[in-house]
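Chemist:
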Amino acid sequence: MLTDSLSLVAEQLNLPEAWQPVFILGCNLLVALLIVASCFMLSRAWLKPLLAKVLDKLDGHLTVETATERHTLASHMAHLLPALVLQAMSPLLFNQSEHVSATIAVLVWLYLYLFIGLALAAAISLIAKSYAHLAKDPTIPYQGIAQLLKLLTFIVFSILIISTALGKSPALLLSGLGALTAVLLLVFKDAILGFVASIQIAVNNMVNVGDWIEMPKYGADGAVVEIALTTVKVRNWDNTITTIPTYALISDSFKNWRGMQQSGGRRIKRAINIDINTIRFIKADELSKLQQRPWLQAFFAQQEVIELLSNDDTTNIALFRYYVRWVLQQHPSINQSMTLMVRQLQSTEVGLPVEIYCFSADKVWLNYENIQADIFDKLFAILPVFDLAAFQRISSRQELSNKS
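When the count follows UniProt numbering, it moves up by one through the sequence shown with no breaks and lands on 404 for the last residue.
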């Protein structure tokens, strides 16, 4: 009907017969553009806000990230209305030319495939972030799964777009991709390696979001904040972000502190180097003075200390070791159910190392360091009581003082 009306208008304008099809086509294109513009404005003003409200009600848990994904999804879905209207009306507007009608149909399908693919990708991101927010299960790599699904979506719709533009069947296009396998493997190398690594990481439960990991090769020392298809992001303790290839967690070594965080304590393993020249047998009068100190009476009342002192060859270093172990056994912040010992290591040119090996019940880094420092502050201070001294290299200032 529209074509007939335009033909009458062209005749009334006394247009040459050769120009009448051009006039009709131009008018139809103008009408199509007006319809598309009207539908687009309607979508932006009415359909997009409506879709956003519907998505808000479906999700019900509004966060900054999911709100962004909802806005993106609603925007892509709103683009579909103009294309659908144009597709429905193209047979009426362009029925005078099969070539023009076919070209318009191809353009409409390309437009639809593009925004359907973008809408599906946005929907996948929205679902992944919503599940990650609700489930809060660090063992499931939601981000990596979402990126894999989006990659597959883009591949499928890219094939559909190319096949539609070329006018070929998608099956025929896929059959011709065999020769491009090497190129595709090269282009998607990181994605393929990341996909395989993500599966291994998830199956073996090697790394979860929130784990504290150390990977000196990449300068990473902090908490994992994101596990994606091709990269793992680590927030270091200085608040910098280190990006590690996902497959590097499989091919290279790294330290995961999750076992410490899930256990009953954090290990303290530190030694004091005792000056060997200060090690000697303890005398009876010295022992008597020590026993008179009020804060040592509970220590000397221990059965194992009594048995130690029953021998005449007790050394001050042995008594010090027993005292350190007793202090650790009485310390409220030391986990008594885990390994606790005070041992001597191989003597070196810097003295005799007396090592403390125990576990702090408090695993928080700041508290752990305070507990460790408090223990060693007191041990260094009490060394002179046992007539012992920590080994320390002579500084240049001390050498000058000795010479003078």
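Here a beta-carbon is modelled for each residue, glycine too, at the ideal position from N, C-alpha and C.
Could you pull out every residue in the same chain whose Cβ sits closer than 6 Å to the Cβ of S353, ignoring the five residues on either side in sequence?
Modeler: Inspection of the sequence shows that residue 353 is occupied by Pro rather than by Ser. A271, N273, L345, listed in sequence order.
Chemist: Along the chain, where does the beta strand (DSSP E) containing R343 start, and where does it finish?
Modeler: Per DSSP, R343 belongs to the beta strand (DSSP E) from 341-344.
Chemist: What residue from K289, G265, I159 has the CA that sits closest to F359's CA?
Modeler: Answer by Cα proximity: G265.
Chemist: Closest to L151 by C-alpha separation, out of L118, L166, L112, would be which residue?
Modeler: Selected option, being the one with the closest Cα: L118.
Chemist: Below 7 Å between beta carbons: does that hold for F300 and Q292?
Modeler: No, they are not a contact pair.
Chemist: Can you give the beta carbon distance from T164 to Y113, rounded, assuming they're within the 8 Å contact cut?
Modeler: T164 to Y113, Cβ: 7 Å. Contact.
Chemist: Below 6 Å CB to CB, which residues in the same chain sit around D211 once its five sequence neighbours on both sides are set aside?
Modeler: Only V224, N256, R258 meet the Cβ criterion.
Chemist: List the DSSP bridge partners of G222.
Modeler: Bridge partners of G222: I213, N236.
Chemist: So is N277 buried or exposed if we call it buried at 16+ other beta carbons inside 10 Å?
Modeler: The residue in question, N277, is exposed, as its Cβ has fewer than 16 Cβ neighbours within 10 Å.
Chemist: Using only CA atoms, which one of L80, A37, V342, I268 lies nearest to K363?
Modeler: When each option's Cα is compared against that of K363, the closest is I268.
Chemist: Excluding sequence positions up to five away, which residues of its chain have a Cβ less than 6 Å from the Cβ of F391?
Modeler: Excluding residues within five positions, the ones whose Cβ falls inside 6 Å are N273, D275, V350, G351.
Chemist: Considering only residues of the region 263-321, which uninterrupted beta strand (DSSP E) runs meet the minimum length of 3 residues and lie entirely inside it, listed in chain order?
Modeler: With a minimum length of 3 residues, the continuous beta strand (DSSP E) runs that stay inside the region 263-321 are 266-274.
Chemist: DSSP beta-bridge partners for G351?
Modeler: DSSP lists T348 as partners of G351.
Chemist: Are the CB atoms of I244 and A220 within a distance shorter than 7 Å?
Modeler: Yes, these two residues count as a Cβ contact at 7 Å.
Chemist: Drop a sphere of 10 angstroms on the beta-carbon of H99, count the other beta-carbons inside from all chains shown, and report buried for 16 or more, exposed for fewer.
Modeler: H99 is exposed by the Cβ-count criterion.
Chemist: CB-CB under 8 Å to I159, same chain, minus the five flanking residues each way: which ones, in chain order?
Modeler: Once the five neighbours on either side are set aside, the close Cβ partners of I159 are P170, L173, L174.
Chemist: Per DSSP, which one or two residues make a beta bridge with P245?
Modeler: According to DSSP, P245 bridges with T231.
Chemist: Is S288 buried or exposed, if buried means 16 or more other CB atoms sit within 10 Å of its CB?
Modeler: By the 10 Å Cβ count, S288 comes out exposed.
Chemist: With burial defined as no fewer than 16 other Cβ atoms inside 10 Å of the residue's Cβ, what is the status of L30: buried or exposed?
Modeler: Classification of L30: exposed, given that the 10 Å Cβ count is below 16.
Chemist: Where does Q200 sit, in a helix, a strand or coil, going by DSSP?
Modeler: Helix.
Chemist: Which class does N205 belong to by DSSP, given the choice of helix, strand or coil?
Modeler: Residue state, collapsed to three classes: coil.
Chemist: Less than 7 Å between the C-beta atoms of V324 and V342, yes or no?
Modeler: The answer is yes: Cβ separation under 7 Å.
Chemist: Please list the terminal residues of the continuous alpha helix (DSSP H) segment that includes S163.
Modeler: Here the alpha helix (DSSP H) through S163 covers 142-166.
Chemist: For the alpha helix (DSSP H) that contains I334, what are its first and last residues?
Modeler: It is not in any alpha helix (DSSP H) - I334 carries neither H nor E in the DSSP assignment.
Chemist: Which same chain residues, not among the five before or five after residue 416, have their C-beta less than 7 Å away from its C-beta?
Modeler: Outside the shown range of the chain, which is 1 to 404, sits residue 416, and nothing can be said about it.
Chemist: Using alpha carbons as the reference points, say which of S198, A389, S337 lies closest to S263.
Modeler: Answer by Cα proximity: S337.
Chemist: In the structure shown, what three-state DSSP assignment does F195 receive?
Modeler: F195 falls in the helix class under three-state DSSP.
Chemist: Compute the Euclidean distance between the alpha carbons of K129 and N208, then round it to the nearest angstrom.
Modeler: Spanning the two alpha carbons is a distance of roughly 16 Å.
Chemist: In three-state terms, what does DSSP make of F390?
Modeler: Residue identity check: residue 390 is Ala in the sequence provided, not Phe. In the structure shown, A390 sits in a strand (DSSP, three-state: E or B).
Chemist: Thinking I199 and L249 are a contact (beta carbons under 8 Å), I'd like their distance in whole angstroms, please.
Modeler: About 12 Å separates the two Cβ atoms, so there is no contact after all.
Chemist: Alpha carbons only, please: which of I124, I371, A318, L34 is nearest the one belonging to H331?
Modeler: Measuring from the Cα of H331, the nearest candidate turns out to be I371.
Chemist: Beta-carbon within less than 6 Å of D190's beta-carbon, same chain only, minus the 5 sequence neighbours each way: which residues are those?
Modeler: So the list reads T230, once near-sequence residues are dropped.
Chemist: Indicate whether I282 and N316 have their beta-carbon atoms separated by less than 7 Å.
Modeler: A contact, by the Cβ cut-off of 7 Å.
Chemist: Between P332 and the ligand GDP, is there a pair consisting of the residue's CB and a ligand heavy atom that are separated by less than 6 Å?
Modeler: You won't find the ligand GDP in this model; it holds no ligand whatsoever.
Chemist: With distance defined between alpha-carbon atoms, name the residue in L308, S75, S253, V232 nearest to Q143.
Modeler: It is V232 whose Cα lies nearest to the Cα of Q143.
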